[in-house]
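Okay, so here's the structure we're looking at.
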Amino acid sequence: MSMPTISHYDVIIVGAGRVGLLLSCELRLAHCSVLVLEQAPDAHAALKQAPFGIRGLNIPSLEALQRRGLLDAVTAPVHSDSALAASRPHWMQHARRPGGHFAGMQFFQDQIDTAAWPYRLPSRASESMPTTMERLESVLAQRAAELGVEVRRGVRVTDMAQWPDGVQVQAGGAQLQGHWLVGCDGGRSLVRKAAGFDFAGTGPEFTGYSVEATLENSTGLRPGRHYTATGMYTFQPPGTIAMVDFDGGAFHGSTPITAEHVQTVLRRVSGTDVRVPSLQLASTWTDRARQATRYRQGRVLLAGDAAHIHSPLGGQGLNLGIGDAMNLGWKLAATVRGGAPAGLLDSYTAERHPVGAQVLDWSRAQVALMRPSPATRALADIVRDLIATRDGATYFADRVWGATLRYDLGDPHPLVGRSAPDFALADGSTLASHLQTGQGLLLDFDTAAPLRGLAMGWQGRLRYIASPAADELGLTSLLVRPDGIVVWVADGVAQSEPASAAIQRWFGTTP
Ligand SMILES: Cc1cc2nc3c(=O)[nH]c(=O)nc-3n(C[C@H](O)[C@H](O)[C@H](O)COP(=O)(O)OP(=O)(O)OC[C@H]3O[C@@H](n4cnc5c(N)ncnc54)[C@H](O)[C@@H]3O)c2cc1C
Numbered sequence: 001m002s003m004p005t006i007s008h009y010d011v012i013i014v015g016a017g018r019v020g021l022l023l024s025c026e027l028r029l030a031h032c033s034v035l036v037l038e039q040a041p042d043a044h045a046a047l048k049q050a051p052f053g054i055r056g057l058n059i060p061s062l063e064a065l066q067r068r069g070l071l072d073a074v075t076a077p078v079h080s081d082s083a084l085a086a087s088r089p090h091w092m093q094h095a096r097r098p099g100g101h102f103a104g105m106q107f108f109q110d111q112i113d114t115a116a117w118p119y120r121l122p123s124r125a126s127e128s129m130p131t132t133m134e135r136l137e138s139v140l141a142q143r144a145a146e147l148g149v150e151v152r153r154g155v156r157v158t159d160m161a162q163w164p165d166g167v168q169v170q171a172g173g174a175q176l177q178g179h180w181l182v183g184c185d186g187g188r189s190l191v192r193k194a195a196g197f198d199f200a201g202t203g204p205e206f207t208g209y210s211v212e213a214t215l216e217n218s219t220g221l222r223p224g225r226h227y228t229a230t231g232m233y234t235f236q237p238p239g240t241i242a243m244v245d246f247d248g249g250a251f252h253g254s255t256p257i258t259a260e261h262v263q264t265v266l267r268r269v270s271g272t273d274v275r276v277p278s279l280q281l282a283s284t285w286t287d288r289a290r291q292a293t294r295y296r297q298g299r300v301l302l303a304g305d306a307a308h309i310h311s312p313l314g315g316q317g318l319n320l321g322i323g324d325a326m327n328l329g330w331k332l333a334a335t336v337r338g339g340a341p342a343g344l345l346d347s348y349t350a351e352r353h354p355v356g357a358q359v360l361d362w363s364r365a366q367v368a369l370m371r372p373s374p375a376t377r378a379l380a381d382i383v384r385d386l387i388a389t390r391d392g393a394t395y396f397a398d399r400v401w402g403a404t405l406r407y408d409l410g411d412p413h414p415l416v417g418r419s420a421p422d423f424a425l426a427d428g429s430t431l432a433s434h435l436q437t438g439q440g441l442l443l444d445f446d447t448a449a450p451l452r453g454l455a456m457g458w459q460g461r462l463r464y465i466a467s468p469a470a471d472e473l474g475l476t477s478l479l480v481r482p483d484g485i486v487v488w489v490a491d492g493v494a495q496s497e498p499a500s501a502a503i504q505r506w507f508g509t510t511p
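Counting in the UniProt record's numbering, the sequence shown runs from 1 upward without gaps.
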């Protein structure tokens, strides 16, 4: 798809991180003109590579990539990437297959009872998988280029304004105009501040460090994760350190990180007299947990870290951002195109804000289990015992993997609001492959195709497929949004509304 050079865009996105790039692809799939502005001249950065750039992708993220035909590209190199495999965090280096962790407490795949999760069918996206930020970003950047997204690098947005019918950004001495603006510009979002979004939440208790250093006199440091009377550290020889110092978040962002400072903190939290003569790489983070109270103000929207920040404990931030982009993309595109159902764009906040709020609480709960006090260690021992049970491992895996994420769409059927199962159709294809164009899907398991006529007139927005499936889960038909969420089902017993009403409710009026 090629796009002419224009100066007035349907959508301007600030930030070409993973979230901004994915959102740009979603909008472009629906033929919107999109400009992405990114301040960094170069996409490469050491912190996006292993070990610190490793990110665990949860089930909704993997499903999103699978549904856009990107899963192989994102995950294939990971399995053969020996650097990544060798530098996996300590919690991934177990004889048993690890499933993830909660405040460093491991749960294992062989304990998880996936039968407890209703409406899931076998799929390549059925358990969490690691990748690196650099890999994911390069796959998305290539996809954006193929789709004709205009990405301008080395351009910092310094201000923005909006009117009832448009937006304008100030960037690199130029003024650029569009109909909509999306801030995907990370935790310190200029867009969020300039547009006046409320960013509510809780302050930090600690400064976290990710460090690659040359160490001397390090025999006292034990590999793996360790809670001490003064904090927490993980050590992966020869010199990879992550540590948490309960300083109220005072150090983060205050002064440049020096080897001397890292040595002081590492000695304090580890209780050893390790020496740190030099640093190769160092960054800090905190457990500050804040969230925009709404994700839309007029013509300005937020997605990813711009909308919510929290500690990286439990590895959920990127997954949240991917979910935001998938949820927002088709809704904003429908609004740009015209004829979108009333309230569709505002359903972005209604659906995604509660998911973000849950993740913030999930990370706060982990902070509570890391505080350096005897009471906390006693509580952590109890949680560790619970994680080791089958029910416990299944519960934690569900939360970390996002296995049963469900939006409340007001329909009591347990599948409505959930990700569509990856039905295996009679021709060998699966449901995921039919979502690659970014259209919705009306799937009819009856080959007599009784619903075919209903999908007419929604060209480019809704596909119709009539096919039996290997396992139809007791359904006769279902309606799936472009982001893969089921919004209507028929099971031959009862249905909340006719299919035609559901199509109009989600896809609006025909052009
Ligand atoms: C140590 C650590 C471990 C983590 N582990 C995980 C994990 O395992 N799983 C997980 O899901 N998440 C994890 N996260 C969180 C995850 O990395 C982030 O949530 C995610 O990368 C945010 O993506 P984003 O695109 O929203 O923002 P960013 O990646 O911050 O991208 C924002 C982009 O906007 C650009 N930008 C900013 N301001 C401007 C401006 N004014 N003009 C133009 N461009 C601008 C920036 O240069 C940047 O490229 C971790 C985070 C940390 C710190």
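Backbone N, C-alpha and C define an ideal beta-carbon position, used for all residues, glycine too. All of these numbers come straight from a predicted model, not from anything done at the bench.
Item	Value
If you reduce the DSSP assignment to three classes, tell me which class I257 lands in.	coil
Rounding to the nearest angstrom, what Cα-Cα distance links residue 514 and T75 in this structure?	For the chain, the structure presents residues 1 to 511; residue 514 sits outside this window and is missing.
Going by DSSP, what residues sit across from L181 in a beta bridge?	I12 and V300
Within this structure, are the beta carbons of residue 587 and A403 separated by less than 8 Å?	With the chain represented from 1 up to 511, any question about residue 587 goes unanswered, as that position is not in the structure.
With burial defined as no fewer than 16 other Cβ atoms inside 10 Å of the residue's Cβ, what is the status of M370: buried or exposed?	buried
Which first and last residues belong to the beta strand (DSSP E) in which R55 is found?	I54 to L57
Let me know the alpha helix (DSSP H) ranges lying completely inside the stretch 179 to 230, each 4 residues or longer, listed in chain order.	190 to 194
Any heavy atom of ligand 1 closer than 7 Å to the Cβ of N319?	yes
Just verifying my parser: in three-state terms, what is the DSSP assignment at S80?	With a pLDDT of 43 at S80, under the threshold of 50, the modelled position of that residue is not reliable, and the figure given next carries that caveat. Residue state, collapsed to three classes: helix.
Name the DSSP bridge partner or partners of R463?	L441
Please determine whether the Cβ atom of D245 lies at a distance below 7 Å from any heavy atom of ligand 1.	no
Assign Y348 to one of three DSSP states: helix, strand, or coil.	helix
Between the C-alpha atoms of I59 and R18, what's the straight-line distance to the nearest angstrom?	17 Å
Quick one: grab the DSSP three-state call for Q106.	strand
When every heavy atom of ligand 1 is checked, does at least one fall within less than 7 Å of the C-beta of L37?	yes
For a quick check, are the C-beta atoms of L70 and V139 less than 8 Å apart?	yes
With a Cβ-Cβ cutoff of 8 Å, do S283 and S363 count as a contact?	no
Any heavy atom of ligand 1 closer than 7 Å to the beta-carbon of F52?	yes
Residue range of the alpha helix (DSSP H) that P277 falls in?	Unbroken run through P277 is the beta strand (DSSP E), R275 to T286; no alpha helix (DSSP H).
In terms of alpha-carbon separation, which member of Q177, G248, E146 and A432 lies closest to D287?	G248
Mind checking which residues open and close the alpha helix (DSSP H) that includes G329?	G317 to R337
Taking 7 Å as the cut-off, is the CB of S210 close to at least one heavy atom of ligand 1?	yes
Is D245 helix, strand or coil by DSSP?	strand
May I ask whether a heavy atom of ligand 1 can be found less than 7 Å away from the beta carbon of M232?	no
Assuming the contact rule is C-beta atoms closer than 8 Å, G148 and R28 should be a hit. Round their C-beta distance to whole Å, please.	6 Å
Using alpha carbons as the reference points, say which of V157, L181, E150 and A171 lies closest to P164.	L181
Between D361 and ligand 1, is there a pair consisting of the residue's CB and a ligand heavy atom that are separated by less than 7 Å?	no
Bridge partners for D159 per DSSP, in chain order?	Q170
Going along the chain, which residues of its own chain have a beta-carbon closer than 8 Å to the beta-carbon of G271, five neighbours each way excluded?	G220, T228, A229 and T230
Tell me the DSSP secondary structure of H252 in three-state form.	coil
Excluding the five sequence neighbours on either side, which residues of its own chain have a C-beta within less than 8 Å of the C-beta of I465, listed in chain order?	L425, H434, L441, L442, L443 and D444
What's the C-alpha gap between F251 and Q109?	37 Å
Would you report the Cα separation of R135 and L473, rounded to the nearest angstrom?	36 Å
Taking the alpha helix (DSSP H) that T376 falls in, what are its first and last residues?	P374 to I387
If you draw a straight line from the alpha carbon of G356 to that of G317, how long is it in whole angstroms?	9 Å
Starting from the C-beta of P237, find all residues in its chain whose C-beta is less than 7 Å away, skip the five residues before and the five after it, and write them out in chain order.	P223
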